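Down below is the structure, laid out as C-alpha cells.
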Amino acid sequence: MISGSDPALTPAAPDLASPDLAASIAKLARQDRGRLLAALIARFRSFDLAEEALQDALMSAHTHWSRFGMPDNPQGWLLTVAARKAIDRLRKSARDRQAADEIAHLAASANEDDHDIPDDRLRLIFTCCHPALEAKSRIALTLRTLGGLTTPEIARSFLDAETTMGQRLSRAKSKIASAGIPFAVPGPEAWTERLNSVLVVIYLIFNEGYFASQGETPLRQALCDEAIHLARLLDRLRPDEPETLGILALMLTIHARRCARLGVAGVVPLEAQDQALWDKGLLAEADALLERAMARRAPGPFQIQAAIAALHSQPGPRDWHQIVLLYDSLLRMDANPVIRLNRAVALAEIGALQPALGELALLAEPLATYQPYHAARADLLAKAGQHDAALAAYDLAIRMAATKADAVFLEGRRTEVQ
Amino acid sequence: MKYMALIYSDPALAPAYGTPEFGAMMQGYGALNAAMKTAGVFVSAEPLQGIETATSLKVRGGRAETMDGPFAETKERLGGYYIMECADLDEALRYAAMIPTASYGTIEVRPLADYSR
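Here is the structure:
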C-alpha cells in the first residue's frame, strides 16, 4: 500500500463504466501527478521524459482499466507502466552504445516489482524553485509539476497566452537540463537561501490568487488553495521549519478572512469587515502553527508577518503599538520600501501622523508605481486634513487600481473626503 | 559537467595594488585555487589584463575591421575566468561564491557546450 494514498482512489468495480473511469483517472492524474513525476524524474533525470511517460501511462490506463478493471494499486501501476514507456522512448531515441547500456540498466531497475513510490517531491520542489530560474518560471513550473493545474489553467491565472506559458515552461525545463540544475535537496550551507526561494514562490502564488494583480475576479481561489497545499506539503516533507510554519500561518490567517473581504461595494477594509464571516477554524490553526514556529526560536520574516496578520485578526480594537514593533523587527531583516510603507500606516494609527507622512515622502520615489502607496497616502493626507492633496492621491490610486473592487472601494473613500 | 565562471567587475571598485585589501583578495584567490585542486574541481583559470589592452575585431565582407577597446561598453568588465569540473550547477555556484571578486563584482556561471555527447 502506498502511504498517504487517498482512500477514494482505491479499487473500484472491475466493470467500471467508462465516464466514471475517465473521471477516476483524471482525479488520479491531478492528485498524484507531483509524486509520480518526482519518482520518474528521480529515475530518468528528465522533466520532459517524465511528463511524456506519465502521459503515455495515463493513456494506457484508459485502455487497460476499462478492460480489466482498476488495479489494487493504481499509482503503482501508473509508475511501473510510465517507467516502461520512458524506457521505450529512450530506446527509440538512443543513438549510441553507451546510451543503450544506460537504458538496459534502467530497464533492469524498472522490472523490480516494487510498488512503493518513494516520495521525491521535496527534491522536485527545490528544483522547480531554483534561483537560477526566472521568478515567473519558478511559479509556473511549481504549479505545473507539483500543483494540480494544467498549462492552460496556469496561463489563464497569469493572464498569459497558452503558447507563451507553454514556451516559458519548456525554456525552464531545458535550462534545468542544460545548466545542470540538480534534482536534489540543498545542503546546509545553502539551506536558508534555497528554502526562502521556495517560500517566496509559494507566497507569490498565494498573492496572485488573493490580490489578483489584474482583472475583474479579485479572489482566484484555486491559486490560494494551491499555495496552501504546497506549504502543507513542504511542512510534511521537512517538518518544523519555523519559516515554513510561518508562511502557512500567514496564508491561513489571510485566507480565513476571504469571505468578509468582498462586499457589494468592492473590497471591505479590515476594520469594517463582519468578523462573524471569518473562518475561526483556520484562524485557530494559524495560531497553533505560529506558536509551534516561535517555540523554535528562529524568527524570520514570514513568522513576523504571520504575527502581524494574527494581530489584525484579533476581535476588538487592534494593538497598533505591537504592530509597529513587529514592523521594526521585520525592517531589521529586510529593509524594503513596502514594509516601510506598512510601518508608516501603523505609525499613523498610534497617533504619529506627521512622522508617518514624513516617511511616506521619503518613499515617493521607490514606490511611485506601487498602487497601494498612493491609496495609503491618500488616507493619511485625508486624516491630516489636507483635502486637496488627498483627492489628488485618491485619483491617482483609483487610476492605478488593478481590480474593479479596489477602484470601487477607493471611490467611496474619495467621496467621503469631498 | 564543465562550467565556466566569468568574473566581471568594475575596476574602479577593485582594491588598489599594494593595499592590505589587495593582499587579502590575492590570498583569497590562492586559497580558492588550492581548495578547487584538492576537490578535483579545478580545470583551469586565468586572469586577463585590463580593458585598455583590449582589441576588438570583426570580419565584414571579407575584410577585417579592428578596433581599440572591448566589444561592449559596460561598467563591469570581464577580468578573468575559471573552468571547473562540477557535479551540477549547485556545486559550481558554491565555488563561484568563493571567488573574492564576487564581493564587489558579478560572476556569470555557464556550462560549457559539449558537442561530443
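Chains as they are written, first to last, in the working numbering: chain B, 1 to 418; chain X, 1 to 117. Ideal Cβ placement from N, Cα and C applies to all residues, glycine included. Please read all numbers here as calculations on a predicted model, not as lab measurements.
Is the CB of residue i under 8 Å away from at least one CB in chain X?
i      : result
B/I181 : yes
B/S329 : no
B/P152 : no
B/P188 : no
B/S174 : no
B/A295 : no
B/S46  : no
B/A390 : no
B/S24  : no
B/P335 : With the sequence shown as reference, residue 335 of chain B is identified as Ala, and Pro is not the correct amino acid for it. It does not: the Cβ of B/A335 has no partner Cβ on chain X nearer than 8 Å.
B/S313 : no
B/L219 : Because the pLDDT of B/L219 is 49, which lies under 50, any placement of that residue in the model is unreliable, and the question is left without a value.
B/S178 : yes
B/A184 : yes
B/A132 : yes
Does any C-beta atom of chain B lie closer than 8 Å to the C-beta of residue i?
i      : result
X/L32  : no
X/L57  : no
X/M36  : no
X/L89  : yes
X/M1   : yes
X/P111 : yes
X/R77  : no
X/R94  : yes
So for residue i, helix, strand or coil by DSSP?
i      : result
X/F71  : coil
X/S9   : strand
X/P111 : strand
B/G351 : coil
B/E153 : helix
X/P15  : coil
B/A428 : Outside the displayed span of chain B (1 to 418) sits residue 428 of chain B, for which this structure offers no information.
B/T192 : helix
B/I308 : helix
B/F183 : coil
B/H130 : coil
B/F158 : coil
B/A356 : helix
B/N207 : helix
X/M98  : coil
B/A222 : helix
X/G50  : coil
B/L28  : helix
B/S174 : helix
CA-CA distance, residue i and residue j?
i      : j      : result
X/E76  : B/D240 : 42 Å
B/I304 : B/L330 : 7 Å
B/L169 : B/L141 : 6 Å
B/A306 : B/K136 : 24 Å
B/F126 : X/S9   : 30 Å
X/Y3   : X/D88  : 9 Å
B/L90  : B/S197 : 33 Å
X/G30  : B/R296 : 40 Å
B/A335 : B/P301 : 11 Å
B/A284 : B/Q273 : 18 Å
B/R257 : B/E226 : 17 Å
B/L250 : B/F409 : 24 Å
B/E208 : B/Q221 : 10 Å
B/F183 : B/R171 : 17 Å
B/P372 : B/C128 : 30 Å
X/E52  : X/I107 : 21 Å
X/R94  : B/I398 : 47 Å
B/Q314 : X/A92  : 48 Å
B/L325 : B/G385 : 27 Å
X/V109 : X/A5   : 5 Å
B/I25  : B/E162 : 24 Å
B/L363 : B/C224 : 30 Å
X/G40  : X/M1   : 12 Å
B/V268 : B/M294 : 31 Å
B/F206 : B/I228 : 8 Å
In terms of DSSP beta bridges, what is residue i paired with?
i      : result
X/K2   : X/E85
X/T66  : X/L57
X/R77  : X/S9
X/S44  : X/I83
B/T403 : DSSP lists no partner for B/T403.
X/T106 : X/Y8
Check: Quick one: complete alpha helix (DSSP H) runs, 4+ long, within the region 45 to 106 of chain B?
Finding: 47 to 68, 74 to 93
Checklist line | Whole runs of the alpha helix (DSSP H) within the region 235 to 283 of chain B, excluding any shorter than 4 residues | finding: 242 to 256, 258 to 261
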